[in-house]
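Peer 1: Just dropping this structure here.
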Amino acid sequence: MSSSRSSSVSSASGESTSSKTAQDETIASDLVVTKYKMASEITQRVLREVIDRCVPGASIKDTCIYGDKRLDEETLRVFKKDKEVKKGIAFPTCLSINNYICHFSPLVSDPDMILKDDDVVKIDLGCHIDGYVAVVAHTLVVGATREKKVTGRRADCILAAYYAAEAALRLIKPTEHNTAVTEVIDRIASVYHCKPVEGMISYQMSRGIIDGEKKIYQNPSEMQRRDIEKQEFGLHEVYAVDVLVSSGEGKPRETDIRTTVYKKKDFIYQLRMKSSRVFLSEVEKRFTLMPFTLRHFEDEKRARMGVIECAKHDLVEPYPVYQEKDGEFVAEFKFTLLLMPSGQMKITGLPIDLDLYESEYKITDSDIKQLLTSSTQKKKKNKKKKKGTTGQGASALDNVEAVEDDGDEDFEDEPDDKQKKSAKSKKTNKKA
1 MSSSRSSSVS SASGESTSSK TAQDETIASD LVVTKYKMAS EITQRVLREV IDRCVPGASI
61 KDTCIYGDKR LDEETLRVFK KDKEVKKGIA FPTCLSINNY ICHFSPLVSD PDMILKDDDV
121 VKIDLGCHID GYVAVVAHTL VVGATREKKV TGRRADCILA AYYAAEAALR LIKPTEHNTA
181 VTEVIDRIAS VYHCKPVEGM ISYQMSRGII DGEKKIYQNP SEMQRRDIEK QEFGLHEVYA
241 VDVLVSSGEG KPRETDIRTT VYKKKDFIYQ LRMKSSRVFL SEVEKRFTLM PFTLRHFEDE
301 KRARMGVIEC AKHDLVEPYP VYQEKDGEFV AEFKFTLLLM PSGQMKITGL PIDLDLYESE
361 YKITDSDIKQ LLTSSTQKKK KNKKKKKGTT GQGASALDNV EAVEDDGDED FEDEPDDKQK
421 KSAKSKKTNK KA
């Protein structure tokens, strides 16, 4: 199994000018934060639209096509005048149901799947603005209402994944270590008699790179355990935090479903077949090193042929469709996290309506409960809280109304006047 499940994007932003410093491309820069937020607003908006389409009778294929179409449309709307700013899909829309773990994004020519009541649906997608990536994943149950609640193993794995993600959010901060996050995910999953999916990794991100140096392993495999390095989180770092929990053993297995999602690797090899060379050239031009689906190609048949030789010689990395045992369920929650001086800034990820889920298991461990009720924001003096609102630092154990805005801020498609002036000033200074 590939160690980089859905967080492998590199070099999306093109070449940087020699005058840029490393700090110019981190979230120490207000302009960089703005671009992350713009990408997150688009990602969140499209996620909501895809969620609304997950109803009984809906086509998974059509929903994936719709999600990608909307990501393309929304990213094209921003930075129209600045042709040097690249933007687009950072991870194609995938809908993986029930025991399917990840990466299901069928081609037009592939067999379809139709959603039905009680399906556990995992939605995974993302976009970037100028190489600054915002990715997200969310789990829902088709047809669930407060009158028709989710129970049994469906509820167990969803609640385990949700609370594990919330705990991870609160532990990923400067001076804490990745091993603590691995441990708490495992502890919370065990409360619900579930297992984190083996081998999944959350990565540090930077401009054009979402499989960075620092990693957070969940349920590491034996091979991974030998390579795990204890790493400390630092200020102004960005992470794609991806938590997947199974009601079963948590052992991913490859399926016979066609792999449709790939990512170009930073290798060079002289391909023999013309179709392969044409395919790779288009990948380099359109996606650089970002994940893409073969569905994005006008000639799907030729793309299917071209990718074969590229994969054989390790020029592209496949993202196979993985599954758990039949009858089991897998839930996923992924969010993009910025480590700011004021605390953790969660810019993607939607809350769930906790009243929809009933499990016979509950978190009783006092340490975990204290962690989940802690704030992600540092206290500010003389800072009045807006009446009737709850910030992203809210307790994860509050009811759904109290966490409704958790990590889901509304950001404008374009910077406001003040931000534009700041960006213009920075460009002027750079030229000077």
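Going by the UniProt record's numbering, the first residue of the sequence shown is number 1, and it counts up by one from there. Idealized CB from N, CA, C, for every residue including glycine.
Using a Cβ-Cβ cut-off of 6 Å (strictly less than) and excluding sequence neighbours within five positions of residue 93, which residues of its own chain qualify?
Peer 2: Closer than 6 Å at the Cβ level, and outside the excluded window around residue 93, lie 64, 67, 68, 125.
Peer 1: Use the C-beta contact count for residue 249: other C-beta atoms within 10 angstroms, 16 or more gives buried, fewer gives exposed.
Peer 2: exposed
Peer 1: Give a yes or no on whether the minimum CB-CB distance between residue 267 and chain B is below 9 Å.
Peer 2: The structure shown contains no chain B; it holds only a single protein chain.
Peer 1: Strictly by DSSP, which residues pair up with residue 292?
Peer 2: 262
Peer 1: Among 168, 335, 298, which residue has its Cα nearest to the Cα of residue 374?
Peer 2: 168
Peer 1: Is the Cβ-Cβ distance between residue 181 and residue 129 less than 9 Å?
Peer 2: no
Peer 1: Leaving out five residues before and five after residue 294 in sequence, what residues of the same chain have Cβ atoms less than 7 Å from its Cβ?
Peer 2: Counting only Cβ-Cβ distances below 7 Å, and skipping sequence neighbours, we find 107, 260, 300, 303, 304, 307.
Peer 1: To the nearest angstrom, report how far apart residue 328 and residue 24 are at their CA atoms.
Peer 2: 46 Å
Peer 1: Per DSSP, residue 137 forms a beta bridge with which residues?
Peer 2: In the DSSP output, where bridge partners are listed per residue, residue 137 has 124, 334.
Peer 1: Mind checking whether residue 55 and residue 95 have CB atoms under 9 Å apart?
Peer 2: no
Peer 1: Which same chain residues, not among the five before or five after residue 74, have their C-beta less than 6 Å away from its C-beta?
Peer 2: Only 42 meet the Cβ criterion.
Peer 1: Going by DSSP, what residue range makes up the alpha helix (DSSP H) through residue 38?
Peer 2: Secondary structure note for residue 38: its alpha helix (DSSP H) is the uninterrupted segment 30-52.
Peer 1: Assuming the contact rule is C-beta atoms closer than 8 Å, residue 127 and residue 71 should be a hit. Round their C-beta distance to whole Å, please.
Peer 2: 5 Å
Peer 1: What does DSSP give as the partner residues of residue 91 in its beta bridges?
Peer 2: 126
Peer 1: Note down the Cα distance separating residue 140 from residue 356, rounded to an integer number of angstroms.
Peer 2: 10 Å
Peer 1: Less than 6 Å between C-beta atoms, sequence neighbours within five positions excluded: which residues of the same chain meet that for residue 264?
Peer 2: 283, 289, 316
Peer 1: Look at residue 336 and residue 347 and say whether their C-beta atoms are less than 9 Å apart.
Peer 2: yes
Peer 1: Buried or exposed: which applies to residue 268, given that a residue is buried once 16 or more other Cβ atoms fall within 10 Å of its Cβ?
Peer 2: exposed
Peer 1: In chain order, what residues of the same chain lie with their CB nearer than 6 Å to the CB of residue 362, ignoring the 5 residues before and after it?
Peer 2: Counting only Cβ-Cβ distances below 6 Å, and skipping sequence neighbours, we find nothing.
Peer 1: When you compare the stretch 222-231 with the stretch 272-279, are there three or more beta-carbon pairs, one atom per stretch, that lie closer than 8 Å?
Peer 2: no
Peer 1: In terms of DSSP beta bridges, what is residue 343 paired with?
Peer 2: 340, 377
Peer 1: If you pair each beta-carbon of the stretch 186-201 with each one of the stretch 239-249, do three or more pairs fall below 8 Å?
Peer 2: Touching, yes, given that three or more Cβ pairs across the two stretches are closer than 8 Å.
Peer 1: Per the DSSP calculation, residue 318 is bridged to which residue(s)?
Peer 2: 262
Peer 1: So, with DSSP's three-state summary, where would you put residue 150?
Peer 2: strand
Peer 1: Apart from the five residues just before and just after residue 220, which ones in its own chain have a Cβ nearer than 8 Å to its Cβ?
Peer 2: 182, 198, 199, 228
Peer 1: So, at 7 Å on beta carbons, what are the nonlocal neighbours of residue 378 in its own chain, with the 5 sequence-adjacent residues on each side left out?
Peer 2: 342, 343
Peer 1: Under a three-way DSSP split, which group does residue 26 fall into?
Peer 2: Secondary structure at residue 26: coil, using DSSP grouped into helix, strand and coil.
Peer 1: Does the distance from the C-beta atom of residue 156 to that of residue 102 stay below 9 Å?
Peer 2: In this structure, residue 156 keeps its C-beta atom at 9 Å or more from the C-beta atom of residue 102.
Peer 1: Tell me which same chain residues have a C-beta within less than 7 Å of the C-beta of residue 287, skipping the five on either side of it?
Peer 2: 264
Peer 1: Can you tell me the Cα-Cα spacing of residue 144 and residue 152, whole angstroms?
Peer 2: 13 Å
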